[in-house]
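Colleague: Take 6 as the starting number for the sequence shown in the working numbering and just add one per residue.
Positions of the beta carbon are idealized from the N, C-alpha and C atoms, including for glycine.
Quick one: the structure is below, questions incoming.
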Amino acid sequence: MTNSPNDSKELTSNRTDIQSYMNDPQKQSGLYRRTLIIIVIAQIFGGAGLAAGITVGALLAKEMLGTDSFSGVPIALFTLGSAGAALLVGRLSQRYGRRPGLTFGFFAGGIGAIGVIISAITNNIIFLFISLLIYGAGTATNLQARYAGTDLAHSTQRATAISIAMVSTTFGAVAGPNLVGIMGDFASTIGIPSLAGPFILAAAAYFLAGFVLLILLRPDPLVVAKAIAAAATEKANTRKHSDVSIEEESINNNGILVGASVMILTQVVMVAIMTMTPVHMGHHGHGLDEVGMIIGIHIGAMYLPSLFTGILVDKIGRIPMSIVAGITLLTAGILAATAPTDSMLILTISLALLGLGWNFGLISGTALLVDATNSTNRAKIQGAVDVFIALAGAAGGVLSGVIVAYTSYPTLSLAGGALSLVLILIIILFRNYSKD
């Protein structure tokens, strides 16, 4: 198959465009800032898309299945779907760049949201489960986008770059749950079950996020970063006649292990407790608006502190902030377990701390992972680690429903808090990884 003249011109233009960044630190800095702005815009829409499933996924399943025992299945499914999407988005990004990988992921999430709406209308539980799997691609992509800001960042900027990408998610993520009632009413007026209403918002938000990246993320930051790294390696090879030592110095397997462990355990604790909170509230007379409010606060705590968290991680260090994450999650689990059923205040504080602990863990863990990899393997490893994060979240979602069905919500919360102690132990055992 031959390229058309137009294709050849575009390829030549792209190569020339990337070449212009190779030896120009000022242009690289400008592209770094521009990339962050584009990621911020996309993440605002993406945040609104992911909030729908978190807020009403369990309630929709309960309504369609008629039992609480499988209320954790929706979050488990779209978390499981996000695992496959994370791997695919990571591999697409490594091979072709961030733009095609992230665009694909957001578009897939939008298609999944439309499928959820159709399944609710037809009361087709099998189609619901399939759609939730596809919908999970949006969740994976929303998280994968945090890496894009680090491609051209210096080592002292990485956590801050991650934070900027995440804090922008707050605007959509907080607005989404608080629009549950409005979207539910809108859905009812057009003949759609009210609990499917938020997925209308999710579909629109994910498609908008995808279009922002497709149109604006040019030149691709990862492609430029790889070109810069390749040029630097070639120069080093000329001097040293070998690139083996250079490659080995830029990869730290223990760093990857610690960063991945922090993010995985943080995800399990957060997803397990968060998944069953709307069901727990429903059992004790709290309405959909109250559920939307408390989940909105929780998601706000997941993302809003990000900018400050990034600065702390860059200044104080990755390991200390990872330990703080474990302590915060432990406190959240204890508070959720001991909160009186009629106390919105204590439950709100516990869910806010749950989100904050997740925030600390994700940013510090992501920074550890980025530090331990390089541009030749970074996107692929990031995608693989996010697969395990998603699978861990899926397991937490499924088990949370079973645990609550056979024991109680307080038991689940205490178990989540106890798991955060394991996180702290792992961090302490491997705290000297950087000296390996």
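Which word fits A377, buried or exposed, when buried means at least 16 other C-beta atoms lie within 10 angstroms of its C-beta?
Modeller: Buried, since its Cβ has 16 or more Cβ neighbours within 10 Å.
Colleague: M6 to A180, Cα distance in whole Å?
Modeller: In this prediction, M6 has a pLDDT of 45, which is less than 50 and means its spatial position is unreliable; what the coordinates show is noted afterwards. Taking the straight line from one Cα to the other gives about 48 Å.
Colleague: Counting pairs of Cβ atoms below 8 Å between the segment 39 to 55 and the segment 152 to 172, do you hit three or more?
Modeller: Cβ pair count under 8 Å is three or more, so yes.
Colleague: I'd like to know whether the C-beta atoms of A118 and A208 end up nearer to each other than 8 Å.
Modeller: Yes; because the gap between Cβ atoms is below 8 Å, this pair is in contact.
Colleague: To the nearest angstrom, how far is the alpha carbon of S124 from that of F83?
Modeller: Cα to Cα, the separation comes out at about 15 Å.
Colleague: By Cβ distance, which residues of its chain are closer than 6 Å to L428, with the 5 residues on each side in sequence left out?
Modeller: Answer for L428: L270 and G331, listed in chain order.
Colleague: Using only CA atoms, which one of T40, A230 and G215 lies nearest to D29?
Modeller: Checking every option, the nearest Cα to that of D29 belongs to A230.
Colleague: By Cβ distance, which residues of its chain are closer than 8 Å to M27, with the 5 residues on each side in sequence left out?
Modeller: Taken in chain order, the residues that qualify are A232, I233 and A236.
Colleague: Answer with buried or exposed for D248, where buried requires no fewer than 16 other C-beta atoms within 10 angstroms of its C-beta.
Modeller: Here D248 scores only 47 on pLDDT, less than 50, and its place in the model is too uncertain to base an answer on.
Colleague: For N183, which residues from the same chain have a beta carbon less than 7 Å from its beta carbon, with the 5 sequence-adjacent residues on both sides left out?
Modeller: Once the five neighbours on either side are set aside, the close Cβ partners of N183 are G297, M298 and G301.
Colleague: What span of residues does the alpha helix (DSSP H) with P105 cover, start to end?
Modeller: R103 to T127 is the extent of the alpha helix (DSSP H) around P105.
Colleague: Please report how far the alpha carbon of K385 lies from the alpha carbon of V375, in whole angstroms.
Modeller: Going from the Cα of K385 to the Cα of V375 covers about 12 Å.
Colleague: At the level of alpha carbons, what is the spacing between W363 and G35?
Modeller: If I take the Cα positions, the gap works out to 31 Å.
Colleague: Taking Cβ to Cβ, would you say A142 is nearer than 8 Å to G315?
Modeller: It is not a contact, given that the beta carbons lie outside the stated cut-off.
Colleague: What's the C-alpha gap between L97 and T40?
Modeller: Cα to Cα, the separation comes out at about 18 Å.
Colleague: In whole angstroms, what is the alpha-carbon distance linking L85 and L138?
Modeller: About 7 Å.
Colleague: G52 and T174 - do their beta-carbons sit closer together than 8 Å?
Modeller: It is a contact, given that the beta carbons lie within the stated cut-off.
Colleague: Alpha carbons only, please: which of I432, T381 and A400 is nearest the one belonging to G421?
Modeller: Looking at the Cα atoms, A400 is the closest of the given residues.
Colleague: Exposed or buried, what is Y2 when buried is set at 16 or more other beta-carbons lying within 10 Å of its beta-carbon?
Modeller: With the chain covering only 6 through 441, there is no way to say anything about residue 2.
Colleague: Using 10 angstroms around the beta-carbon of S266, count the other beta-carbons present and answer buried if the total reaches 16, otherwise exposed.
Modeller: Buried is the call here.
Colleague: What three-state label does DSSP hand S405 in the structure shown?
Modeller: Looking at S405 - three-state DSSP - the assignment turns out to be helix.
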